[in-house]
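Start counting the sequence shown at 1; every next residue gets the next number (UniProt numbering).
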Amino acid sequence: MNILYDERVDGVLPRVDKTRLIASLHEALPGLLVLHEGEDLKPYECDGLSAYSTTPMAVVLPDTVEQVQTIMRLCHAQNVPVVARGAGTGLSGGALPLEQGILLVMARFNKILELDPDARRARVQPGVRNLAISQAASPYGLYYAPDPSSQIACSIGGNVAENAGGVHCLKYGLTVHNILKVDIVTIEGERLTLGSEALDSPGFDLLALFTGSEGLLGVVVEVTVKLLPKPQTAKVVMASFDNIEKAGRAVGDIIAAGIIPGGLEMMDNLSIRAAEDFIHAGYPVDAEAILLCELDGVESDVHADCDRVRQVLEKAGATEIRLARDEAERQRFWAGRKNAFPAVGRISPDYYCMDGTIPRRALPGVLRGIEELSRQYSLRVANVFHAGDGNMHPLILFDANQPGELERAEELGAKILDLCVEVGGSITGEHGVGREKINSMCTQFKPDELTMFHAVKKAFDEKGLLNPGKNVPTLHRCAEFGGMHVHHGKLPFPELERF
Numbered sequence: 001m002n003i004l005y006d007e008r009v010d011g012v013l014p015r016v017d018k019t020r021l022i023a024s025l026h027e028a029l030p031g032l033l034v035l036h037e038g039e040d041l042k043p044y045e046c047d048g049l050s051a052y053s054t055t056p057m058a059v060v061l062p063d064t065v066e067q068v069q070t071i072m073r074l075c076h077a078q079n080v081p082v083v084a085r086g087a088g089t090g091l092s093g094g095a096l097p098l099e100q101g102i103l104l105v106m107a108r109f110n111k112i113l114e115l116d117p118d119a120r121r122a123r124v125q126p127g128v129r130n131l132a133i134s135q136a137a138s139p140y141g142l143y144y145a146p147d148p149s150s151q152i153a154c155s156i157g158g159n160v161a162e163n164a165g166g167v168h169c170l171k172y173g174l175t176v177h178n179i180l181k182v183d184i185v186t187i188e189g190e191r192l193t194l195g196s197e198a199l200d201s202p203g204f205d206l207l208a209l210f211t212g213s214e215g216l217l218g219v220v221v222e223v224t225v226k227l228l229p230k231p232q233t234a235k236v237v238m239a240s241f242d243n244i245e246k247a248g249r250a251v252g253d254i255i256a257a258g259i260i261p262g263g264l265e266m267m268d269n270l271s272i273r274a275a276e277d278f279i280h281a282g283y284p285v286d287a288e289a290i291l292l293c294e295l296d297g298v299e300s301d302v303h304a305d306c307d308r309v310r311q312v313l314e315k316a317g318a319t320e321i322r323l324a325r326d327e328a329e330r331q332r333f334w335a336g337r338k339n340a341f342p343a344v345g346r347i348s349p350d351y352y353c354m355d356g357t358i359p360r361r362a363l364p365g366v367l368r369g370i371e372e373l374s375r376q377y378s379l380r381v382a383n384v385f386h387a388g389d390g391n392m393h394p395l396i397l398f399d400a401n402q403p404g405e406l407e408r409a410e411e412l413g414a415k416i417l418d419l420c421v422e423v424g425g426s427i428t429g430e431h432g433v434g435r436e437k438i439n440s441m442c443t444q445f446k447p448d449e450l451t452m453f454h455a456v457k458k459a460f461d462e463k464g465l466l467n468p469g470k471n472v473p474t475l476h477r478c479a480e481f482g483g484m485h486v487h488h489g490k491l492p493f494p495e496l497e498r499f
């Protein structure tokens, strides 16, 4: 089974007739904005993973669901691959366009359609920014919990596609735990509603199946999200450590003590120094690692939990423990963490952001393994973690202008993901597989599991037109390329290059 081959046409999908497609789009949708000249296409050639870039054949920017449906019907009839794109902040190449396909940009779907504070929900279009939902709900004492570091820019449709998390997902869950239903358009142009406004809906849980499917099953056109009451109070405890493994063990100690923080983040010395130089958050630049532990809820419980966390951290060997003095300092602590990625970008010409997840108990050993791999490949690694749920973001620093450094960075990243799988973890926690980690899927999943993935894909998209070459590898190529990873921005499967 194969997501790209159509055996009725000489084994592969036919090349797209660009002139015919654009003429069909203009004829069917006279008001549709269609970009197809080279200078207009350049801004869309990559997402947040800039190591890979492809100029799309054409970009379309619809305004209405009906336009999306018509576009999908035309593409289905003419065998045109479709890649959906939101804000373009993804970090796994999931929105990378195709030379022989269209890029469906949903940025104009940016309205909050309804906000119901009594029911604690909001209906929004997929192009609405993550942070904008919380800003709209704030006057009612509500907010939207998932808060990826890119929340100022990333869109809710992309959050659904990648099942995004954030620094507070330990307590409040990922996107899948905070949405009630999504409306999607299939490749055949049919509009479907998955989930419901009730706590449960009959039949298979297709909402959970679709969330995190990375654009392989359909295009999001509307999302109904849950809104939560803002916590009465929130406090952040920052603990410094003279040893990164001690900090890793402290994470498990906090959870083992029965404490569920709102957020529990970890940064190593390299990321601490970069963030402090950039944000001036008040971080201790001599510490080998810090933990940021946020406790939220009613005031009496928060004060009690802060005392308990302090005791755990002292026992774990923290060299310094600080409680944010006020709301302004709490915000500065978090600003340093949420700006860690751009901060690291200031100290290196390039960096490669990984996204693996491990059991908390394995954190000290994996940190030790990353340190050894860093020495082996002669590349610095800045470690930033959603430590509470084991979601790691090692940032591999390199210079793409130096021969061989990009290749070494990719090989090092692949080794880190292999290490995650070896200890019982996953190759991704929230960034998705996209194009970047497609070979690593061969490391994590068995052939029978991949066969099931292809069967699900085929049920939604029989021709394999939606986001081909992403997320799920072909079975015969897994056998050939298993354990080998993408290099030089090239696809692992040569026959995908034509798309």
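Each residue gets a CB set at the ideal place from its N, CA and C atoms; glycine is no exception.
Point to revise | Best match in S92, V167, M266 and V82 for proximity to M106 [C-alpha to C-alpha] | key: V82
Review point. Starting from residue 507 and walking both ways along the beta strand (DSSP E), at which residues does that stretch end?
Key: The chain is shown from 1 up to 499; residue 507 falls before or after that span and cannot be answered.
Exercise for review: Sort out for me which residues DSSP pairs Y352 with in a bridge.
Suggested key: I396
Check your understanding: Would the C-beta of L406 count as close to the ligand ADP, meaning under 7 Å from any of its heavy atoms?
Key -> Ligands are entirely absent from the displayed structure, and the ligand ADP is therefore not among its contents.
Check your understanding: Apart from the five residues on each side of it in sequence, which residues of its chain come closer than 8 Å, Cβ to Cβ, to A274?
Key -> A340, A343, V344, R346, I347 and A382
Exercise for review: Mark V302 as exposed unless 16 or more other C-beta atoms lie within 10 angstroms of its C-beta, in which case mark it buried.
Suggested key: buried
Review point. With a Cβ-Cβ cutoff of 8 Å, do L207 and K181 count as a contact?
Key: yes
Exercise for review: Leaving aside the five residues before and after M72 along the sequence, list all residues of the same chain whose C-beta is less than 6 Å from its C-beta, in chain order.
Suggested key: V185, I187 and G189
Point to revise | Closest Cα partner of E245 within the set P447, G365 and F109 | key: G365
Practice item. Go ahead and pull the three-state DSSP assignment for G404. Key: coil
**Study point:** Whole-Å CB distance - D268 paired with A250, under 8 Å assumed
**Key:** Wrong, their Cβ atoms sit about 14 Å apart, outside the cutoff.
Review point. Do the CB positions of M57 and G101 come within less than 8 Å of each other?
Key: yes
Point to revise | Reduced DSSP category for P139 - H, G, I as helix; E, B as strand; rest coil | key: helix
**Study point:** Cβ-Cβ distance between D296 and A234 below 8 Å
**Key:** yes
Review point. Touch check for the region 138-157 and the region 165-173: three-plus C-beta pairs under 8 Å?
Key: yes
Exercise for review: Could you tell me if D183 is buried or exposed, where buried requires 16 or more neighbouring beta carbons within 10 angstroms of its beta carbon?
Suggested key: buried
Point to revise | Cβ contact (3+ pairs, closer than 8 Å) linking the region 423-439 and the region 449-461 | key: no
**Study point:** Proximal residues to L216 (C-beta, below 6 Å), its chain only, five neighbours per side dropped
**Key:** K457, L466, N467 and N471
Practice item. Name the residue from P403, V309 and R361 whose alpha carbon lies nearest to the alpha carbon of D389. Key: R361
Practice item. Decide if the region 161-169 is in contact with the region 256-272; the criterion is three or more beta carbon pairs, one per stretch, under 8 Å apart. Key: yes
Review point. Taking just the CA atoms, how far does G157 sit from G127?
Key: 6 Å
Review point. Is it a yes or a no for the region 29-36 touching the region 48-63, going by three-plus beta-carbon pairs under 8 Å?
Key: yes
Review point. Looking only at C-alpha atoms, which of V68, A77, I272 and E114 sits nearest to L103?
Key: V68
**Study point:** Helix, strand or coil at D296 according to DSSP, with G and I counted as helix
**Key:** strand
Point to revise | L313 classed as buried or exposed, judged by whether at least 16 other C-beta atoms fall within 10 angstroms | key: buried
Check your understanding: Beta carbon of G396, beta carbon of A414: below 8 Å?
Key -> Per the sequence presented here, residue 396 reads as Ile, with Gly not at that position. No, Cβ-Cβ distance for I396 and A414 is not below 8 Å.
Exercise for review: May I ask which residues mark the beginning and end of the beta strand (DSSP E) holding R325?
Suggested key: Looking at the DSSP string, R325 is not in any beta strand (DSSP E), and its letter there is neither H nor E.
Review point. Within this structure, are the beta carbons of D93 and R310 separated by less than 8 Å?
Key: One point to set straight first is that residue 93 is Gly, not Asp, in the sequence displayed. Not closer than 8 Å, so no.
Check your understanding: Helix, strand or coil for V68 per DSSP?
Key -> helix
Check your understanding: Can you pull the DSSP bridge partners for H386?
Key -> N391
**Study point:** Which listed residue (V285, D307, V236 and P139) has its alpha carbon closest to that of K230
**Key:** P139
**Study point:** Where the alpha helix (DSSP H) containing M441 begins and where it ends
**Key:** S440 to Q444
Practice item. Keeping to the same chain, check which residues put their C-beta closer than 7 Å to that of Y52; ignore five residues upstream and five downstream. Key: C46, G93, L96, R435 and G489
Check your understanding: Excluding the five sequence neighbours on either side, which residues of its own chain have a C-beta within less than 7 Å of the C-beta of Q125, listed in chain order?
Key -> F109, N110, K111, L113 and E222
**Study point:** Neighbour-count burial assignment, H393, 16 or more Cβ in a 10 Å radius
**Key:** buried
Check your understanding: How long is the line joining the alpha carbons of S213 and A161, rounded to whole angstroms?
Key -> 6 Å
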